[in-house]
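A.B. asks: Structure incoming, see below.
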Amino acid sequence: MAQANYPAVPDTAKLRRPFSKDDQAAFLHPSGIFYPETWFHFINTNIRREGITRDLEAIAASGIQGVQFFHGQMGDTKEWPGTEEHVKCLSAEWEELVKHTAEEAHRLGLRFSLQTCPGWAMSGGPWIKPEQAMRHLSYSWTNIEGGDEVDTELPVPMKEDWRDWQDIAVLAFPAPQGDTSEYCQIEEVQAEEHLEDWKRLLGGERGFSFTLEPTNPQNPHRVRVKLRNTPLVRSVEFNPIDQFNHEFCVQPDIHLRILTSNQTVALDTDFPHANWQDIDKTMTFALPNMQEKGEYVLEITNLHHMRLTSLRFSTATRGHNWEMEAGWTSRTLLQLPEDMNEDGSGFIKRADIINLTDRMTSDGRLRWTAPEGKWIVLRIGHVNTGQRNGPAPEEATGWEVNKLDSAFVSYQFRSYIGRLTEGPLKGLVNNMLMDSWECSSQTWTRYMQREFQERRHYNLLDWMPAIFGWVIDSREQTSKFLSDWRRTINELFTDNFYGQMARLAHEKGMTVSYETAAGDIFPGDPMEFYK
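When we follow my numbering, the leftmost residue of the sequence shown carries the number 17, and every step to the right adds one.
Written as structure tokens, this is what we have:
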């Protein structure tokens, strides 16, 4: 049997030699290592030994040097018309056909790569339990009037069994000025176009959306909004960026100006570049404290069609693009307006945050003697993000593994790559491929508090409200914490997922290749993968 023994990368010593006639010849007749590899998919249940062999022979004859194996589920029809043999993914018969694929690849001199799970995104399967899955922070918000004994239920925000809610902490702090759980009410809307659409959108009609046609800076879309009770607006919240344009349009090309009633500019900014999985986190802009209150003009210049599903004004102080800073999604950084004119009354004072975790009963009731004043109580926990591997056959689909926990990552490796390389594919896999990241981001893992303490050397709980958008002590201090927070997440992704998977693959003699996602889908440094 011919062996697919091309090295993983070209010889660096040869690459560094001075250019010569040998290189001219090599350019015309390159070594096989410079030839491309191609994907090789089992699709649905439609798999035959004869078809595998004929496909691989055609691939080898074309000069391709290797195949990357996947099993995908495409479309609703599992069994194609005219087919007789149907094989379920992960079955004994399937394992024999995967072995046949690898053996044929080697017979033909092709490198054989194996993706980390069924489907091509990203690393999970039916063996992953909810507690082993990717986790996100979540919280419920309860307003408390102090000065008396409190005995109240703190709700769980996500109650579905598959979410697997786990408590972290109960934190309380005096409500900052203007900080309520309600958005501003609209009194009047004026617009030369889409007037009824603007009224429905700004009125908060659930499920409503409309689209603004492309325009230019000389003729922006303009809407004037008068708010009930003349509030001081401290933040404005739009729908997620990936909802604005067509799917995968991560550069929105949208400019926003917000002016007060006397034409004073409160905000003048571009929307940040985002990513194609920025589909469920709002886009929040912080506004300076303006003397003129209650009436605002929005001017929007959009190069492409812009679909609006939500636009809300708030009296609460929030981080500028906090969804990115807190690691929920990956976007470009936005600069604050130069003069925010803030006196700190809208901030949380870190010294005022009280840990009430031991005051919550096992059935979720808070029993506490609350000091005078208005208090906000957060019941903070973590849940299964709900991300699944795919697109894979139903029998091979399950939760995406927790990417920040090396023990769970090792279990994922053993359950698929390890199972195959110690069984039917022993000695036949040249490379492990970590392919498409389509599982959004992750903000929690079971040892996160300990990891943060060891890596950053201070207590995470003291700053946790900032992860949900609050400003603590100052904008500068909050940004410093959130930078540490993103750095910690990046290190855990790198060490406990990419690093751990690579270590396990190397132990079995495989090289590793990536489709990187750090800095694109989730905050991180893609160069860390290659260290």
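Each residue gets a CB set at the ideal place from its N, CA and C atoms; glycine is no exception.
1) Between which two residues does the alpha helix (DSSP H) harbouring THR550 extend?
2) Please name the residue in MET340, VAL241, GLN307 whose C-alpha comes closest to that of GLU358.
3) So does the segment 479-486 actually touch the segment 322-335, counting three or more Cβ pairs closer than 8 Å?
4) Unbroken alpha helix (DSSP H) runs of length 4 or more, entirely within the segment 437-490: which are they?
5) Quick check: the Cα distance between GLU544 and ALA534, rounded to an integer number of angstroms?
6) When you compare each of LYS496, SER47, GLU109, GLU229 to MET322 by their alpha carbons, which one comes out closest?
7) State yes or no: is the C-beta of LEU394 within less than 8 Å of the C-beta of LEU187?
8) Can you tell me whether THR504 is buried or exposed, with buried defined as 16 or more other CB within 10 angstroms of its CB?
9) What are the start and end residues of the beta strand (DSSP E) that includes SER154?
10) What whole-angstrom Cβ distance do ARG151 and ASN400 have, given they're in contact under 8 Å?
11) Sorted by chain position, which residues of the same chain lie with C-beta nearer than 6 Å to VAL528's C-beta, five sequence neighbours on each side aside?
12) Answer yes if the segment 279-299 comes into contact with the segment 216-228, meaning at least three C-beta pairs across the two stretches below 8 Å, and no otherwise.
13) Ignoring anything shorter than 4 residues or poking outside the segment 170-216, list the alpha helix (DSSP H) runs there in chain order.
14) Quick check: what's the CA-CA separation for GLY406 versus LEU218?
15) At what residues does the alpha helix (DSSP H) containing GLY67 begin and finish?
16) So what's ILE505 in DSSP terms, helix, strand or just coil?
17) Pick from ILE49, ALA367, LYS309, VAL249: whose alpha carbon is nearest that of ARG127?
18) Please confirm whether TYR432 and CYS133 have their CB atoms less than 8 Å apart.
19) Check MET526 in the structure and name its three-state DSSP category.
20) So, helix, strand or coil for ARG32, using DSSP?
21) Reducing DSSP to helix, strand and coil, say where LYS496 ends up.
22) Starting from LYS242 and walking both ways along the beta strand (DSSP E), at which residues does that stretch end?
23) Which residues share a DSSP beta bridge with LYS382?
24) Can you pull the DSSP bridge partners for THR54?
25) How would you label SER78, buried or exposed, when you count the other beta carbons within 10 angstroms and need 16 or more for buried?
26) Looking at the strands, I want to know which residues DSSP matches up with TRP311.
27) Touch check for the segment 460-474 and the segment 495-510: three-plus C-beta pairs under 8 Å?
28) Can you tell me whether DSSP reads ASP284 as helix, strand or coil?
29) CA-CA distance, ILE63 and VAL103?
30) Apart from the five residues just before and just after GLU339, which ones in its own chain have a Cβ nearer than 8 Å to its Cβ?
C.D. replies: Looking at the coordinates:
1) Because the chain in this structure spans residues 17 to 547, residue 550 falls outside the shown range and cannot be described.
2) Of the candidates MET340, VAL241, GLN307, the one whose C-alpha sits nearest the C-alpha of GLU358 is GLN307.
3) yes
4) 464-472
5) 9 Å
6) GLU229
7) yes
8) By the neighbour-count criterion, in which a residue is buried when 16 or more other Cβ atoms sit within 10 angstroms of its Cβ, THR504 is buried.
9) 151-161
10) Rounded, the Cβ-Cβ distance is 7 Å, consistent with contact.
11) Only residues of its own chain outside the window of five on either side were considered, and among them MET448, ALA518, ALA521 have a CB closer than 6 Å to the CB of VAL528, listed in chain order.
12) Contact between the segment 216-228 and the segment 279-299 is absent, with fewer than three C-beta pairs closer than 8 Å.
13) none
14) Straight-line Cα distance between these residues: approximately 37 Å.
15) 65-77
16) helix
17) ILE49
18) yes
19) coil
20) coil
21) LYS496: helix per DSSP, three-state reduction.
22) 237-243
23) Inspection of the sequence shows that residue 382 is occupied by Leu rather than by Lys. DSSP lists THR168, MET376 as partners of LEU382.
24) Among the bridge pairs identified by DSSP, THR54 is matched with VAL83.
25) The residue is exposed, with fewer than 16 neighbouring Cβ atoms inside 10 Å.
26) It should be noted that the sequence gives Glu, not Trp, for residue 311. Residue pairing of GLU311 in beta bridges, as defined by DSSP: LYS242.
27) Three or more beta-carbon pairs separated by less than 8 Å link the segment 460-474 to the segment 495-510, which places the two stretches in contact.
28) Three-state DSSP puts ASP284 in a strand.
29) If you take the alpha carbons of ILE63 and VAL103, they lie about 6 Å apart.
30) LYS297, THR298, MET299, THR300, THR345, ARG347, GLY485
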